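Only one structure is covered here, and it is reproduced in the block below.
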């Protein structure tokens, strides 16, 4: 299947390392996600104070997007017509559990607003959009497993209809200290074709 669109860059976070376009840019021995992501944040000089208020899913998505978009030299002083299409299989379940625990004990009932805010998976899209001034459509889909065909179809529709100039796509999943992020940027120009086969190959690398 041919494509009129291209993958300009991609970022992966899994197995205690971060790679950009296939090259490892950060690696850490921390087995606990909170330690790993904090060390990565510092190493990448992300400089976004709100990062520390985010839940784990948002931290994962935000850092992957930040590394990818910084590499694209995106101008954060102007509005960028970039759509966001994310997916996973756990939604915000990890944070939902924390919220449930906070309200479970009626004798010590004090749910944290900071936790409650992150009980929707698309909140992480909002943080990325604020940081990079992304002004276009955004969606967060829940699938049993990584669905490259859906990402291709949806991104192509957005670009064909001129609803976006580029689309930030991918899979970002966090559940019980198990994490994985695979984000990529789709554009109208480039060399790496945006096809199901190519995306699947990159994701499985």
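Numbering (the working numbering), first residue to last: 123 to 327.
Ideal placement from N, C-alpha and C gives every residue a C-beta, glycine not left out.
Since the model is a prediction, treat every value here as computed from it, not as a measurement.
ask   = Any idea which residues DSSP pairs residue 142 with across the strands?
value = 133 and 145
query = With respect to the beta strand (DSSP E) encompassing residue 261, which residues constitute its N-terminal and C-terminal limits?
reply = 260–264
request  = Alpha carbon to alpha carbon, how far is residue 135 from residue 327? Give it in angstroms, no decimals.
outcome  = 12 Å
query = Of the residues 156, 188 and 191, which one's Cα is nearest the Cα of residue 174?
reply = 156
message = According to DSSP, is residue 170 part of a helix, a strand, or is it coil?
response = coil
query = Is the beta carbon of residue 256 sitting closer than 8 Å to the one on residue 204?
reply = yes
query = Near residue 183, which residues of its chain fall below 6 Å by C-beta distance, leaving aside the five closest residues on each side in sequence?
reply = 246 and 294
ask   = Which residues bound the beta strand (DSSP E) around residue 297?
value = 288–297
Pick from 177, 169, 251 and 244 that is closest to residue 201, judged by C-alpha positions = 251
message = Within a Cβ cutoff of 7 Å, which residues of the same chain sit near residue 268, ignoring the five residues on either side of it in sequence?
response = 293 and 325
query = Is residue 310 closer than 8 Å to residue 274 when the C-beta atoms are compared?
reply = no
Simplified DSSP assignment, three categories, for residue 319 = helix
ask   = What is the residue span of the beta strand (DSSP E) that residue 302 lies within?
value = 300–309
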